[in-house]
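The numbering used here numbers the first residue of the sequence shown as -13 and each following residue consecutively.
We put the CB at the ideal spot given by N, CA and C, even for glycine.
Let me begin by presenting the structure, written as structure tokens, before commenting on it.
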Amino acid sequence: FSGVLSPEVLRALLELQERLAATTAWAPRAGREVKLSDVCYAPLNPQKPALGDCCVNSVTQYFQNNGSRLAMTATQTVGKETGTVDWRDHLIYCVNSPLSFKDITTLELSCMAEYGGP
């Protein structure tokens, strides 16, 4: 992987997304503060979406926008070879199988986004 897909860059991206998701703005016509969940596309919960229902397209969605999942590692044995699997293995799997609810590594993470879609 290149420097663009380093764990540090992915964590920084996740932090930036969290800050942007927490942003509010005054809407004079509505007479109130509005937030992302007020204006986002939420295909699985369009009536009253929470922030996690918003469709935000990002590589961090392969980890459900969760820093703990991004940091996970596990020992995996395939045949006689034992090694460590991490975010790279999960990402490669999800890029090839984006509709999977559980990858084939011992991490067993879902490829589905936080909002529930691919």
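Problem set entry | C-alpha gap between residue 21 and residue -1, whole angstroms | 20 angstroms
Problem set entry | Distance, residue 14 Cα to residue -8 Cα | 41 angstroms
Problem set entry | Proximal residues to residue 35 (C-beta, below 7 angstroms), its chain only, five neighbours per side dropped | 23, 26, 28
Exercise. Along the chain, where does the beta strand (DSSP E) that runs through residue 13 open and close?
Worked result: 10 to 13
For this session: From the DSSP output, in three-state form, read off residue 103 for me.
Result: Coil at residue 103, not helix or strand.
Problem set entry | Cutoff 8 angstroms; reference residue 90; Cβ partners in own chain excluding five residues on either side | 79
Exercise. Going straight from the alpha carbon of residue 11 to that of residue 17, what length do you get?
Worked result: 11 angstroms
Exercise. Thinking C-alpha only, which one of 103, -13, 9 is nearest residue 48?
Worked result: 103
Exercise. Which word fits residue 8, buried or exposed, when buried means at least 16 other C-beta atoms lie within 10 angstroms of its C-beta?
Worked result: exposed
For this session: Would you grab the beta carbon distance between residue 60 and residue 93 for me? Rounded to a whole angstrom, and I think it's under 8 angstroms.
Result: 5 angstroms
For this session: Report yes if the C-beta distance between residue 3 and residue 82 is below 8 angstroms; otherwise report no.
Result: No, Cβ-Cβ distance for residue 3 and residue 82 is not below 8 angstroms.
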